[in-house]
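This report concerns only the one structure given below.
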Amino acid sequence: MKTLRQRIFGPAALSFPTWAYLLFFFIIPVALVIWYSFGYKPDQFTTYATDQLSFDRYAEAADPTFLSTFVATLRISVVGTLLCLVIAVPFAYWLAVKVPARRRGLMLALVLVPFWTNFLVRTLGWQVILSPEGFVSHFMQFAGMIDGPLAVLYTRTAVQIGVVYNYLPLMILPLFVAMDRAGVSLREASNDLGAGRWRTLFQVTLPMAAPGIASGCLLVYIPLMGDYITASVLGGAQGSMVGQLVAAQFNAAQNWALGAAMAVVLMLLILATVAIVGAVVLVLQRIIRAGRRVEIVPVNATTAPVNATTAPVNATTVGEQP
Amino acid sequence: MSVIERTTEADASAGEAPAGPVSGKRDLPNTALTVWGVLVFAFLFLPILVIVVYSFNNGRLLAAWDSFGFDAYVNGLSNKVIRGAISTSLQAAAGSAIVSTIIGTLGGIALARAKIRAKWALGLTLLLSFTLVTPEIVDAIALLPWFVTLGVDAGVSPLNNGMVRLVIAHSVVSMAVVTFIIRARMAGLDQSLEEAAADLYATPWRRFRDITLPMAGPGILAGALMSFTLSLDNTIVSSFVQQPGFTPWPVYIFSSLRVALRPEIAAVSTLMFILTLVALGVVAYVLRKVGESSTDIVKAMTGS
């Protein structure tokens, strides 16, 4: 029998404050948002009513103008995540494999600095850079690269540049940690066993980095879908994102029911994309693994397990090699 | 032994490939990688550099360069509203760091010490992950009506205080990060010290205070810094839950977007940037003193 003391200091009891805090300031409020989303806006002066529940607000949220913003947000997020991946894979590889160990700490600190700098301020930096009156615009006109002033600010392109910039460190760091795990000794072993540099890259380093690629993509994609600061600073009317729609319903239109429905759709969209991509990766892994096993086993039974685990990553990262 | 030495040296000086047929071909890809690395660093620092440079703009508008000078710093620091916003931000960040670090430390230790497949641990991990994947705008629109319901309608008066609202909102956002940092830290350490303390008749409380907490120390420090910075960065939730008199710095900047961006914003941001660098440096120094490698420090500071 456990004594009272053991219970109080046991792990389950230690987690009690976390449960209580999150129940009170996360679960209940979010549940209320879902509840509001089934309500309606009764009159001009009331933000919501829930005496009649329906899915009507979801139908309203599917209105073409809103829908196009949802599609645009999804596209900006997916393209942004992929661009971050393409930029970060060679960079993280360089940092983890090529940069001498004694200089690595400094380089990592340099990656951390933008990551710790205020998000909004960094985005303002881009506003200055992309502005039609900015120095880049003047330089490009001077050099004859463009005829008129730079017309990037307040377009979707500007938002795309901004989000890739803002979320890039979130892709670099997990990738670096994962590639670093495939340490010097493993790469040497691969070399000693006769694998060339490319083979080592594809069959040792990148497979070891697979979990980092997965977590990096999640770390970038999820906050990107919910972001609207970048779009507010760089996007103007053309480059709006779902977050702005939700905020506008709550602040300007005072229609909490519709805003809540949009927010719920946004969350479902995030969960659905993550689930779909996860399922596709799992299926691909199975297929490739099965294919590999048949091919490799007769040649040399001992190499089969290694190849089986490396195969899926090979397939998914071929495009991003430096 | 010689093989290892040789290749580590090669690794440190030029590249990974040991002497052999491959080494002759290594120049082009390696150079390309290095160029890529430099370009990415330039990309990462370009906007920060621009803000720092433009903080010396003596003009009225941030983006339109007028002349070099320190007017923006003088104006920024003598502006009462800006000073108030900075002070609100720093207080909210400290409060949120304290709340989320205390609760997150308990939760993180609990998770690291949970029995495999304990249902409550799985549930808590799921709940924390769910707070991480929830977009900030959802937190924002969820907390505002809830604060109003509890504070105004139900009469829980502390929740009508702008600072309390900010601290709660920010700590909900950063709690999962802190908990996962502490869990990662504790999961890597073995429990034999705690068991030894128990065998030596240490009370559970002493065992916790003298053994568990010091072991979790670096994780706690990294978690506190992480939640402090997340709070300083928080714009969306803050702009919803804020109340008159308690406007945090990012919300001040965000609202001045609609009017006009003035160089004061760049000047004060540059000062905040220096402050962040100092804080980062101090924490990195402490972690290094405890004996963490640079990679572990990064892992600790990013929660991965």
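If you read the sequences in order, they're chains X and U.
Going letter by letter, the first sequence gives residues 1 to 322 in full-length UniProt numbering.
Going letter by letter, the second sequence gives residues 1 to 304 in full-length UniProt numbering.
Note that the Cβ used here is the ideal one computed from N, Cα and C, for glycine as well.
From a predicted model like this one, the values you see are computed outputs, not experimental measurements.
What do you reckon, are the CB atoms on residue i and residue j nearer than 9 Å?
| i | j | result |
| --- | --- | --- |
| N191/X | T230/X | no |
| F273/U | I48/U | yes |
| I51/U | T203/U | no |
| T65/X | Q254/X | no |
| M186/U | G123/U | no |
| L150/U | L144/U | no |
| V264/X | V71/X | no |
| V148/U | P218/U | no |
| A61/X | L258/X | yes |
| D139/U | V128/X | no |
| G84/U | H170/U | no |
| D233/U | P250/U | yes |
| A189/X | A118/U | no |
| E264/U | G76/U | yes |
| L230/U | L124/X | no |
| L22/X | L280/U | no |
| residue 308/U | F119/X | The requested residue 308/U does not occur in the structure, where chain U is confined to residues 1 to 304. |
| L127/U | F180/U | no |
| G80/X | V163/X | yes |
| S227/U | M175/U | yes |
| M208/X | A88/X | no |
Helix, strand or coil, according to DSSP, for residue i in the structure here?
| i | result |
| --- | --- |
| Y40/X | strand |
| F45/X | coil |
| F91/X | helix |
| N118/X | coil |
| N160/U | helix |
| P298/X | Residue confidence for P298/X is low, a pLDDT of 47 falling below 50, so the modelled location carries little weight; the figure read from the coordinates is stated next. P298/X: coil per DSSP, three-state reduction. |
| F68/U | strand |
| N58/U | coil |
| D51/X | coil |
| G245/U | coil |
| G10/X | coil |
| G239/X | coil |
| V259/U | helix |
| P100/X | coil |
| Q244/X | helix |
| P305/X | Unreliable placement is indicated for P305/X, whose pLDDT of 47 sits below 50; the coordinate value is still reported in the next sentence. Here P305/X sits in helix by DSSP. |
| S304/U | Bear in mind that a pLDDT of 48 at S304/U, under 50, signals an unreliable position, so the model cannot answer this. |
Which residues of chain X have a Cβ atom closer than 7 Å to the Cβ of residue i, listed in chain order?
| i | result |
| --- | --- |
| A64/U | E133 |
| N30/U | K98 |
| R113/U | P11 |
| L131/U | Note that residue 131/U is Thr in the sequence shown, not Leu. Within chain X, the residues near T131/U are L22 and F26. |
| residue 386/U | Residue 386/U falls outside the range modelled here, since chain U spans only 1 to 304, and no answer is possible. |
| A85/U | Chain X residues near A85/U: none, gap ~12 Å exceeds 7 Å. |
| V40/U | I87 and F91 |
What does residue i reach in chain X if we use C-beta pairs closer than 8 Å?
| i | result |
| --- | --- |
| G95/U | The contacting residues do not exist; G95/U stays about 14 Å from chain X at best. |
| L46/U | G125 and I129 |
| I116/U | Residues of chain X passing the Cβ test: none, with the nearest at roughly 12 Å. |
Strictly below 9 Å CB to CB, what residues from chain X border residue i?
| i | result |
| --- | --- |
| N79/U | Here the premise fails: no neighbours, minimum Cβ distance about 17 Å. |
| L124/U | S15, T18, W19 and L22 |
| P214/U | What P214/U touches in chain X: nothing, since even the nearest Cβ is about 16 Å away. |
Under 7 Å Cβ-Cβ, which residues of chain U neighbour residue i?
| i | result |
| --- | --- |
| F250/X | I141 |
| A214/X | Correct list: empty, because the minimum Cβ distance to chain U is about 12 Å. |
| W116/X | T229, T276 and L280 |
What is the residue span of the alpha helix (DSSP H) that residue i lies within?
| i | result |
| --- | --- |
| residue 325/X | An answer regarding residue 325/X cannot be provided, because it is not within the stretch 1 to 322 covered by chain X. |
| T157/X | R156 to R181 |
| Y58/X | D56 to A61 |
| T88/U | K80 to R113 |
| A154/U | No alpha helix (DSSP H) holds A154/U; DSSP gives it neither H nor E. |
| E133/X | From DSSP, E133/X is part of no alpha helix (DSSP H); its letter is neither H nor E. |
| R207/U | P204 to R207 |
| P218/U | L213 to D233 |
| V133/U | K119 to V133 |
| F147/U | E136 to F147 |
| Y21/X | F16 to L22 |
| residue 328/X | One cannot answer for residue 328/X here, as it falls past the ends of chain X, which runs 1 to 322. |
| A63/U | It is not in any alpha helix (DSSP H) - A63/U carries neither H nor E in the DSSP assignment. |
Which chain U residues sit within Cβ distance under 9 Å of residue i?
| i | result |
| --- | --- |
| G39/X | Going along chain U, no residue has its Cβ under 9 Å from G39/X, so there is no contact; the nearest lies around 12 Å. |
| P64/X | Per Cβ cutoff of 9 Å: no residues; P64/X is ~22 Å from chain U at best. |
| L95/X | G37 |
Can residue i be considered in contact with the ligand PLP, in the sense that its beta carbon sits closer than 8 Å to one or more heavy atoms?
| i | result |
| --- | --- |
| M262/X | With respect to the ligand PLP, the structure shown offers nothing to examine, as it has no ligands at all. |
Could you list which residues in chain U have their beta carbon closer than 8 Å to that of residue i, in chain order?
| i | result |
| --- | --- |
| residue 406/X | Since the displayed chain X opens at 1 and closes at 322, residue 406/X lies outside it and no answer follows. |
Output needed in chain order: residues of the stretch 217-246 of chain U with a Cβ under 8 Å from some Cβ in chain X. T229, L232, D233, T235, I236 and F240
In the stretch 169-198 of chain U, which residues sit with their C-beta less than 9 Å from some C-beta in chain X, listed in chain order? A169, S171, V172, M175, A176 and T179
Near-chain X residues of the stretch 253-271 of chain U - C-beta to any C-beta below 8 Å: I253, F254, L257, L261, I265, A266 and S269
Residues in the stretch 229-240 of chain X with C-beta within 8 Å of chain U's C-beta atoms, listed in sequence order? I229, S232 and V233
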